[in-house]
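Right, one structure below, let's go through it.
There are 2 protein chains.
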Amino acid sequence: MTSEEQTHGPTQAQSGCWDPLVSGGRQAPPLAVTGFAARQRASRGPGRGGQSPAAEPMAAEPEPEGRAAGPLLSDLYHITMALGYWRAGRARDPADFELFFRACPFGGAFALAAGLRDCVRFLRSFRLRDADVQFLASVLPPDTEPAFFDHLRALDCSGVTLRALPEGSLAFPGVPLLQVSGPLLVVQLLETPLLCLVSYASLIATNAARLRLIAGPEKRLLEMGLRRAQGPDGGLTASTYSYLGGFDASSNMLAGQLRGVPVAGTLAHSFITSFSGTEVSPDPMLAPAAGPGPRVDLAACVEAWLERVCVHLGLGVHEPHRGERVAFVAYALAFPQAFYGLLDTYSVQRSGLPNFLAVALALGQLGYQAVGVRLDSGDLLQQAQEIRGVFRTIAAQFQVPWLESVPIAVSNNIDEEELARLAQEGSEVNVIGIGTNVVTCPRQPSLGCVYKLVSVGGQPRMKLTEDPEKQTLPGSKAAFRLLGSDGEAPPTPRWSPSRSQAPHVILGAHPTTHTHTGSLLLDVLQLAEEPPPQAGQELRVWPRGARESCTVRPAHVEPLLRLWVQQGQLCEPLPSLAESRALAQLSLRCLSPAHRWLEQPALYQVGGGPCHQPTVRALCPHGLPSSSLLLPTAAGPGGQTDCRRRPVRILWWRLPEINMSHSLSPTTCYVSFFHLACHPLDCQGLPGWAGIRSQSKSSCSQGRPRPGQGGEAAPC
Amino acid sequence: MTSEEQTHGPTQAQSGCWDPLVSGGRQAPPLAVTGFAARQRASRGPGRGGQSPAAEPMAAEPEPEGRAAGPLLSDLYHITMALGYWRAGRARDPADFELFFRACPFGGAFALAAGLRDCVRFLRSFRLRDADVQFLASVLPPDTEPAFFDHLRALDCSGVTLRALPEGSLAFPGVPLLQVSGPLLVVQLLETPLLCLVSYASLIATNAARLRLIAGPEKRLLEMGLRRAQGPDGGLTASTYSYLGGFDASSNMLAGQLRGVPVAGTLAHSFITSFSGTEVSPDPMLAPAAGPGPRVDLAACVEAWLERVCVHLGLGVHEPHRGERVAFVAYALAFPQAFYGLLDTYSVQRSGLPNFLAVALALGQLGYQAVGVRLDSGDLLQQAQEIRGVFRTIAAQFQVPWLESVPIAVSNNIDEEELARLAQEGSEVNVIGIGTNVVTCPRQPSLGCVYKLVSVGGQPRMKLTEDPEKQTLPGSKAAFRLLGSDGEAPPTPRWSPSRSQAPHVILGAHPTTHTHTGSLLLDVLQLAEEPPPQAGQELRVWPRGARESCTVRPAHVEPLLRLWVQQGQLCEPLPSLAESRALAQLSLRCLSPAHRWLEQPALYQVGGGPCHQPTVRALCPHGLPSSSLLLPTAAGPGGQTDCRRRPVRILWWRLPEINMSHSLSPTTCYVSFFHLACHPLDCQGLPGWAGIRSQSKSSCSQGRPRPGQGGEAAPC
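See the structure below:
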């Protein structure tokens, strides 16, 4: 049974008793995962069981998720730019931005898209309050026109359209996570909040997914990193999206209250050390689990069991720490249905374990079954084996078979390497709590998403900049995921370094040679206005980083970007967090093993295409490589040159490793094409623009003009 | 003039014009630091100029800093433990917790304490709302007594006392950042929120301080990492505490609005790429700066200047990108007093720079001075040199001397290494924007603070656990910082590996040999009830990690932990953020250069002591080392054994590298002492307790009992 089902299944509370394990199964139980999410949802309306996701529209939610981020959670320069746009009469120019990342995090080959729900909430609540506008007035020039502030006061996102990858989808470099369209001033203001809401959410979901892949489907993963989170809301975000990425529960109550994340928790060392052993319980009597039988003095019963346990373990009866035992009894009196032992406060073998066993056996005598133990120090794997061994012998000795399979939970700064050890074949560990290493993502604590203007007024826009990898791809794009018909992944194409080798690699997706369903082949980016790729039809694509095109015949084609908000209106209900979590696990299963590798994986291909039009377009998802130059041309297959305010085709030269500040004579280069709205004025100022002469498909040269020397502009 | 002064000094707004540089000085100006903080404060009451910090009590603030974290921002196990305490009748037992870290972050030798203000706000607003209690009822057993929930509803922090290091103080491993006392149930509930509020705040302040140390006092540092922050509130925390740690301003408007952090920002590449060059400004006319003279068509004026600039630079007049220039003109029309150029959208040398110069010179003709340029790609240092060179020649050519010193700002994933390069002697960079590398602390994204129970009902408590470094020091402590009379730091003691060498290292703090004032010597931890160290008196201390004691004669003794909240009442006003920032800079100046090193610094010593009592106490701020055993003794200097519920002295054996799971015969060991409330029952269950026999000060052996064999307990 998955945690999903558990969360939404019947709970103990509904059935009249409380046992956090009732729906979890013995071998992979939660620490104390509760049924909150199910009950919380039930209290808001119809249960989820027979309800389609579409029946839970965003608009119907009475803001159950806490306060949305506000418009001032943003960088000041958006406001100074807003004044600039407004003064220039451009506030309402239609504009398109795309939010994407340039490299997968953690050295892996995939990321999970997340944060959409928070973004939609942000858009829908976007309003500058009077206090916000007053603050802005205090930081802008005092002579700023009052009409500008009136404009700000009236702003909302009613003109904003949002397309996005569904939360839990696989995401790859260059493929937009969000496409945001609307009035230039507003969509510019959205930049930083959207980046803030998407970037960390996707990072943490991806991190959690990696940990889930390592742990395998059976181990229960508990996120417990709130105390190490980067700020209070960082903790809330981490708990929410580590659940989305594949964790089973969180220790963070606020994530339970606001987001419906299953919460879990038992006791800490401080609870145990707070008892010296001299404390007297105000009521040590406990009734049997079965019903209103005679109550028993649990503490006395425990002492009797301790003697038997110590004899069996070869310990002196005074060795186990009395304070620890009194603490266990106090906890058992509060949670007889869910007694839990934290074993390593003093000594696992000589104190924690015998004390736990004494209490568990005393409870067992009354019909209660202990639900788990936890270790927080030492060699976790080895101790788990030893403890399981003791459980088995004690279970046999005292005829309590349930004791054998009491879940063993571990924690203590567990990272990917330690997790792999704990999840190995034969491990007796059932539950793994991870804190710092899931919430702070120490391998790479930021995803580095960017939000780039790709068109204004329907005209593509791009930034060239001094760092080629920071250049952007112009034009609003459509994205498609091409799938083969097989269940296995395609052979990873190895792109040849020179064009003489393997000029066209055929990806292994031909239906006649592969019989499985749904494996991912590659993602294709193209301009939004182009016809989409068709299933079963051969397609030529230019994979990122490749020197040659390849052809692929997909069995299925999935459009990736869905329309969620149109002109401020929610178009379809957002999936619930649990649904996004399920999608994430489904998506990960479609990745080939080589793409799932956490170290040095095969890169998943994102390509430009298709070849449905006579003109070849090469899209480079990472921006122009350093060996690329953008230049207009009057030559080449299908090329046109016309700079008089009509879209023209631009030659896109990819040149092997050149230094742009020197003239060059590459030995090979090739030509592909790209749509770009090119005005005469746009042509100017491009680096390396003047003086470039196209010569042939296999060679070209650049004479870079020097100051004072001028440059010979290409015809434009 | 520091940013402090600038923030609280008169602003342009007050003087009728807006120029973000008016109070900043040309060589180290902000990008566009505003006078918000001063005005914001002024609008809330008397200005800060003549007001003492003490006049700003916490209680008088109408929550200007936004919503405090709520009680449910916590781990579930605090609530399950709360039920356990409550059921055991221990909810109101007086308890003491200490919050500290075990190792300085980033491999450095210091940290800055931060987050106190947020903690106090949290304590003062701590209340479980009905919705919170309802949520808790949904995750606790359904048969939980209603009286428990009544207890929760009535909870507040009126019984809580808080001692802490002032924000901005230097903090070292093991020295409590916070000491929290109060009813056991409540102070247990505070654990995770306080950790969450202190840990990241201190981490980010320390990170910012390191960056400030690298940058030196002259460069202006701007935090601009909100988009990469780990969650929205992570961004707010980062902006707030990077300012505390030494940054000058933040791009984050919310940090300005809620925390009074100076904010800064100008324009992004998207503003520039949004202009193609064909846009027509609705009002291109600009009046002179001096007054109501005839208005001038700025765009036309810029075109005229462009020709002159291009001739001078040897560029064709069509090379600079027209769209970029039109964007600059639009920005200049919105901010004539604060025109700013972002140079690298297309090409710095051939487009951004000439366009900036044309606009700046046109503005100059009208009496306005441009306030800065920014570079976001390429070799920032080299480009800054080149740009400064161009500024100088153009300034001379066109007789505009102010142009020479227009500030150059840079950004682009700047880390410590790149910052050191940018801050080197002769660098022409004036302003440095840092995002990801300040807010996410990628070198170490968490501080790892812990919150440990040290006493209950006046009785010390400790955890032993399986990992010696996770063991805690029992008892509520006092902490003192010992200072020499010199301005230089003491020689760093190098502790000898064997006791035969340097048995007592005298730290170099004798007043007769050092004449400067206020250098830090070391921190001393002792039990709260012991008399404090006295200035001028020799003191014996046991530095952490050292095998021997040393003596020190401090010129000054500073108690480190101040009482901020007593029984829920604020005892003294909290310093403002700006005051804490000033304290941080002051504190850092007291560190010796060797402790300030960012790589492999000399470790600052934290010692146990003093020797005012006949009994020696060795405190180990990192918990017991792995080579330590805690055992009772009837022998040794000053040792007493009495386990009948009175405090007794416990021998603390430190043994060189032993494996506790085997019997041992160390060749050397030595003895020191520690107070521990020792009950007969407490003695049991300690690891290695039974069978240990103390033999002498230089050798001992342990016969570990085996299962079934029993152990011979030491007399107790």
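Going down the list, the protein sequences come from chains A and B.
Here the first sequence stands for residues 1 to 716, where the numbers follow UniProt numbering.
Here the second sequence stands for residues 1 to 716, where the numbers follow UniProt numbering.
Beta carbons: idealized from backbone N, C-alpha and C, even for Gly.
Which of helix, strand or coil DSSP assigns to residue i
i, result
"GLN534/A", "coil"
"GLN526/B", "strand"
"GLU223/B", "strand"
"TYR340/A", "strand"
"ASN207/B", "helix"
"CYS590/B", "helix"
"GLY413/B", "According to the sequence shown, residue 413/B is Asn rather than Gly. The answer is coil: DSSP assigns ASN413/B none of H, G, I, E or B."
"TRP597/B", "coil"
"THR551/A", "strand"
"TYR604/B", "coil"
"ASN252/A", "strand"
"ALA383/B", "Checking the displayed sequence, the identity of residue 383/B turns out to be Gln instead of Ala. Correct three-state label for GLN383/B: helix."
"HIS318/B", "coil"
"ARG654/B", "Low confidence applies here, because ARG654/B scores a pLDDT of 32, under 50, leaving its location unreliable; read the following figure in that light. In the structure shown, ARG654/B sits in a strand (DSSP, three-state: E or B)."
"GLN134/A", "helix"
"SER455/A", "strand"
Cβ of residue i within 7 Å of any chain D Cβ
i, result
"ALA268/B", "Structure shown: chain D not included; protein chains present are A and B."
Under 9 Å from the C-beta of residue i: neighbouring residues of chain A
i, result
"THR161/B", "Residues of chain A passing the Cβ test: none, with the nearest at roughly 18 Å."
7 Å Cβ cut-off: residues of chain B touching residue i
i, result
"CYS119/A", "By Cβ distance, chain B contributes nothing, its closest Cβ being about 12 Å from CYS119/A, past 7 Å."
"VAL263/A", "LEU76 and VAL139"
Where the alpha helix (DSSP H) through residue i begins and ends
i, result
"TYR85/A", "76 to 87"
"PHE148/B", "146 to 154"
"TYR331/B", "322 to 334"
"SER181/B", "SER181/B -> not in any alpha helix (DSSP H); beta strand (DSSP E) instead, spanning 178 to 183."
"TRP305/B", "298 to 313"
Contact set between residue i and chain B, taken where Cβ atoms lie within less than 9 Å
i, result
"LEU226/A", "LEU73, SER74, ASP75, THR192, PRO193, LEU195 and CYS196"
"VAL557/A", "By Cβ distance, chain B contributes nothing, its closest Cβ being about 32 Å from VAL557/A, past 9 Å."
"PRO282/A", "ARG87, ALA88 and GLY89"
"LYS452/A", "HIS269, SER270 and THR273"
Per-residue contacts from residue i into chain A (C-beta, under 7 Å)
i, result
"LEU591/B", "Chain A residues near LEU591/B: none, gap ~26 Å exceeds 7 Å."
"ASP233/B", "GLY231, PRO232, ASP233 and GLY234"
Endpoints, the beta strand (DSSP E) within which residue i is located
i, result
"VAL160/A", "Premise fails: VAL160/A is in no beta strand (DSSP E) and is neither H nor E."
"GLU98/A", "94 to 100"
"PHE480/A", "477 to 483"
Chain B contact residues for residue i, given Cβ-Cβ distances below 8 Å
i, result
"MET253/A", "LEU72, LEU73, SER74, ASP75, LEU76, ILE79, PHE135, LEU136 and VAL139"
"ASP69/A", "Strictly speaking, residue 69/A in this sequence is Ala, with Asp absent from that position. The contacting residues are PRO232."
Neighbouring residues, chain A, relative to residue i (Cβ below 8 Å)
i, result
"VAL296/B", "Ordered by position in chain A, no residue passes the 8 Å Cβ test against VAL296/B, which lies about 16 Å from the chain."
Three CB pairs or more closer than 8 Å across the stretch 436 to 445 of chain B and the stretch 88 to 106 of chain B: A contact exists between the stretch 436 to 445 of chain B and the stretch 88 to 106 of chain B.
Against chain A: residues of the stretch 394 to 409 of chain B by CB proximity under 9 Å: Against chain A - using a Cβ distance shorter than 9 Å - the stretch 394 to 409 of chain B contributes no residues.
Inter-stretch contact at 8 Å, needing at least 3 Cβ pairs: the stretch 266 to 286 of chain B / the stretch 143 to 158 of chain A: In the pairwise beta carbon analysis, the stretch 266 to 286 of chain B is classified as not touching the stretch 143 to 158 of chain A: fewer than three pairs are separated by under 8 Å.
Contact the stretch 207 to 221 of chain B vs the stretch 236 to 244 of chain B: 3+ CB pairs below 8 Å: Touching, yes.
Residues within the stretch 176 to 187 of chain A neighbouring chain B, beta-carbon criterion of under 9 Å: The stretch 176 to 187 of chain A vs chain B, Cβ under 9 Å: LEU184.
Touching by the beta-carbon criterion (3+ pairs, under 8 Å), the stretch 316 to 329 of chain A and the stretch 134 to 150 of chain B: Taking a cut-off of 8 Å for Cβ pairs, the stretch 316 to 329 of chain A and the stretch 134 to 150 of chain B do not touch, as fewer than three such pairs fall below it.
The stretch 246 to 263 of chain B in contact with the stretch 300 to 311 of chain B per 3-pair CB rule at 8 Å: Taking 8 Å as the limit for Cβ pairs, the verdict is that the stretch 300 to 311 of chain B does not touch the stretch 246 to 263 of chain B.
Given 8 Å, three or more beta-carbon pairs between the stretch 176 to 194 of chain A and the stretch 595 to 605 of chain A: The stretch 176 to 194 of chain A makes no contact with the stretch 595 to 605 of chain A, as fewer than three CB pairs between them are under 8 Å.
Interfacial residues, the stretch 300 to 313 of chain A to chain B, with Cβ spacing under 7 Å: Those would be LEU313, in chain order.
Inter-stretch contact (C-beta, 8 Å, three-pair minimum) for the stretch 573 to 593 of chain A and the stretch 90 to 100 of chain A: Judged by pairs of C-beta atoms under 8 Å, the stretch 573 to 593 of chain A does not touch the stretch 90 to 100 of chain A, as fewer than three such pairs exist.
Residues within the stretch 334 to 363 of chain A neighbouring chain B, beta-carbon criterion of under 8 Å: Taking 8 Å as the Cβ-Cβ cut-off against chain B, the residues of the stretch 334 to 363 of chain A that qualify are ALA334, PHE335, GLN337, ALA338, ASP344, THR345, TYR346, SER347, VAL348, ARG350 and SER351.
Near-chain B residues of the stretch 197 to 226 of chain A (beta-carbon distance less than 9 Å), N- to C-terminal order: From the stretch 197 to 226 of chain A, only LEU197, SER199, TYR200, ALA201, LEU203, ILE204, MET224, GLY225 and LEU226 have a Cβ closer than 9 Å to chain B.
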